[in-house]
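Inspection log for the structure reproduced underneath, given as structure tokens.
Numbering (the numbering used here), first residue to last: 139 to 681.
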């Protein structure tokens with residue numbers, strides 16, 4: 139007898155509730171740094187907290203054969219983790235940082251002939267085996283009769299790269315996929331699996347050559363191969379809950395690609411897994427509505443203390459405004475396990491603004507980003523400053539800088555490409571600011587009360603000094619004095635006299651702030667170089 143719509147819904151909810159119960163019984167809950175809330179699930183490494191600090195999770199990085207020792211050190215000490223790397227690279231990084239997280243890469247609900255890491259070492263593919271099983275694929279069907287055209291010619295595939303959509307409710311396929319992911323992850327000593335191209339809304343894009351997946355049908359249309367009157371949304375939630383449970387039992391995180399949440403009709407529950415990646419996370423080129431929708435989608439994941447890896451892309455190697463816009467959006471959202479990463483044409487990039495220290499957040503967006511709205515801007519207060527974002531699709535807004543502290547505006551200079559000597563050419567610049575400031579759409583105004591930087595690297599001081607000197611912002615004797623003091627600091631550092639090097643950086647800070655040099659040092663040069671000098675002195679004094 140054919141089930142009613144209500145009967146089908148109740149049946150689906152019962153199945154999903156059972157799976158959720160099993161997932162929670164296995165201890166899939168929130169994670170604390172170095173500890174799990176539930177003892178039943180044991181991960182080799184846990185994701186570090188991000189409430190008070192920006193942390194970076196990278197996409198694919200170069201293999202160890204293409205890295206200098208200095209670059210390897212930089213990766214191991216600056217990034218939380220990465221994905222798509224073979225075991226030799228993972229082991230080399232973990233020699234420096236045993237807590238470095240590495241994820242296996244695999245498509246979530248698709249199959250293609252594109253290679254991936256099959257045994258921790260080699261790249262390959264199992265398409266030759268998968269294609270032997272016609273039942274494992276999704277096919278075209280007759281919507282009038284429900285007849286499925288179960289042959290190779292009628293497999294459903296993505297228009298752009300010809301990857302095939304799989305029948306995620308087929309038990310034999312599920313067991314094959316689950317066993318394969320666990321086996322490959324153990325071979326590569328991975329901490330979890332990044333499951334790409336998972337989110338429901340992407341079907342509408344990939345399958346635009348199939349009318350049965352057009353528009354909202356991608357979520358709510360029913361497909362006979364999945365089960366009687368079952369939608370893709372229903373099937374994907376059951377599939378992801380089950381896969382998360384099984385991966386967690388094996389000590390692996392389940393982290394799918396969640397898209398960017400700006401498709402209004404897609405109400406798939408994306409909190410079923412342990413979290414995931416949000417790609418093109420901040421809807422740079424979209425409307426205000428899309429931005430608002432996307433930010434609230436992030437909050438659903440973040441408020442459940444799920445892992446949220448925000449990834450974005452730059453339009454050129456500098457993209458100063460866009461970099462700060464992405465950082466500002468991230469700061470509005472940042473929760474317990476929220477990570478950031480953006481790059482231009484090389485993933486071997488790391489930007490100095492990642493390590494800007496604003497301290498602990500004083501407010502939260504809660505369940506709606508509009509809770510941070512103020513006169514057309516979105517503002518989140520921190521112990522040491524403010525993140526102020528003007529979203530896309532609105533008019534420029536005048537912001538009155540508060541007079542409760544001496545604020546400085548954060549600017550960025552240089553690029554983030556990691557050089558062979560393990561340095562980056564970029565640095566943060568601090569510019570005194572007061573009164574009314576225009577904040578344009580798709581920009582962020584980040585203000586700090588105390589220009590402290592929780593990292594210190596001499597090349598950044600040198601790059602900033604050269605910039606200020608060449609642009610006339612350091613003039614006369616003070617310019618030569620600072621240069622000589624810095625050379626002496628480097629000389630003592632090279633001899634191993636770290637404490638002496640620190641003393642010379644302290645001298646630099648004192649001279650920059652001597653009232654007698656006023657008029658020869660621009661304010662932003664004084665504040666920026668002082669911040670770096672203080673940071674270097676503190677770091678070297680501690681050694």
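Beta carbons are placed, not taken as given, at the ideal position from N, Cα and C, and that holds for glycine.
Expected contact under 8 Å - CB spacing of residue i and residue j to nearest Å
i	j	result
residue 475	residue 446	7 Å
residue 389	residue 182	6 Å
residue 527	residue 572	Actually they do not touch by this definition, with Cβ atoms about 20 Å apart.
residue 393	residue 424	The pair is not a contact, with the Cβ atoms about 24 Å apart (cut-off 8 Å).
residue 554	residue 487	4 Å
residue 690	residue 334	Absent from the model: residue 690. The displayed extent of the chain is 139 to 681, so no value can be given.
residue 479	residue 461	Actually they do not touch by this definition, with Cβ atoms about 12 Å apart.
residue 202	residue 210	7 Å
Per-residue burial, residue i [other beta carbons within 10 Å of its own, 16 or more giving buried]
i	result
residue 457	buried
residue 615	exposed
residue 273	exposed
residue 500	exposed
residue 161	Low local confidence applies: a pLDDT of 38 at residue 161 is under 50, so the model's placement there is unreliable, and no value is given.
residue 681	exposed
residue 204	exposed
residue 159	In this predicted model, residue 159 has a pLDDT of only 42, less than 50, meaning its place in the structure is not dependable enough to derive any value.
residue 168	The pLDDT assigned to residue 168 is 29, lower than 50, so where the model puts this residue is not dependable; a value taken from the coordinates is nonetheless given after this. Exposed, by the Cβ-count rule.
residue 270	exposed
residue 610	exposed
residue 484	exposed
residue 558	exposed
residue 193	buried
residue 498	exposed
residue 504	exposed
residue 417	buried
residue 490	buried
residue 332	buried
residue 145	At residue 145, the pLDDT of 35 sits below 50, so the modelled position is not reliable; the number obtained from the coordinates is stated separately. So residue 145 ends up on the exposed side.
residue 529	buried
residue 260	exposed
residue 173	Residue confidence is low: residue 173 scores 32 on pLDDT, short of 50, so the model does not pin down where it sits. Its coordinate-derived value is still stated next. By the 10 Å Cβ count, residue 173 comes out exposed.
residue 367	buried
residue 625	exposed
residue 266	exposed
Closest residue to residue i among the options (Cα-Cα distance)
i	options	result
residue 506	392, 429 and 243	429
residue 665	655, 513 and 647	647
residue 564	379, 550, 188 and 206	550
residue 283	339, 362 and 307	362
residue 287	207, 426 and 275	275
residue 237	201, 579, 294 and 186	186
residue 297	254, 305, 349 and 262	349
residue 326	314, 342 and 230	230
residue 470	259, 677, 494 and 433	433
residue 522	403, 542 and 537	542
residue 409	401, 443 and 398	443
residue 380	308, 621, 343 and 235	308
residue 477	220, 180 and 210	220
residue 239	600, 580 and 216	216
residue 262	228, 222 and 232	222
Between the CA atoms of residue j and residue i - distance to the nearest angstrom
i	j	result
residue 292	residue 346	15 Å
residue 175	residue 419	Residue placement at residue 175 cannot be trusted, given a pLDDT of 32 that sits under 50; what the coordinates show is reported in the next sentence. Looking at the two C-alpha atoms, the distance is approximately 28 Å.
residue 437	residue 337	17 Å
residue 100	residue 290	In the structure as shown, the chain begins at 139 and stops at 681. Residue 100 is therefore absent and cannot be evaluated.
residue 644	residue 658	19 Å
residue 435	residue 569	34 Å
residue 640	residue 629	11 Å
residue 370	residue 354	11 Å
residue 406	residue 441	16 Å
residue 329	residue 660	49 Å
residue 255	residue 316	16 Å
residue 395	residue 513	34 Å
residue 170	residue 516	In this predicted model, residue 170 has a pLDDT of only 30, less than 50, meaning its place in the structure is not dependable; the value taken from the coordinates is given anyway. C-alpha separation (whole angstroms): 29 Å.
residue 582	residue 455	18 Å
residue 464	residue 518	14 Å
residue 679	residue 427	50 Å
residue 587	residue 188	21 Å
residue 399	residue 509	19 Å
residue 548	residue 590	12 Å
residue 473	residue 520	13 Å
residue 324	residue 241	11 Å
residue 595	residue 633	17 Å
residue 351	residue 196	33 Å
Q.
Would you call the region 594-611 in contact with the region 530-543, where contact means no fewer than 3 C-beta pairs closer than 8 Å?
A. In this structure the region 594-611 does not lie against the region 530-543, because fewer than three pairs of beta carbons, one per stretch, are closer than 8 Å.
Q.
Would the region 382-396 count as touching the region 315-322 if we require 3 or more Cβ pairs under 8 Å?
A. Enough Cβ pairs lie closer than 8 Å, so yes.
(Q) Counting beta carbon pairs with one atom in the region 294-308 and one in the region 249-256, are three or more of them shorter than 8 Å? (A) Yes, since at least three Cβ pairs between the region 249-256 and the region 294-308 fall closer than 8 Å, the two stretches touch.
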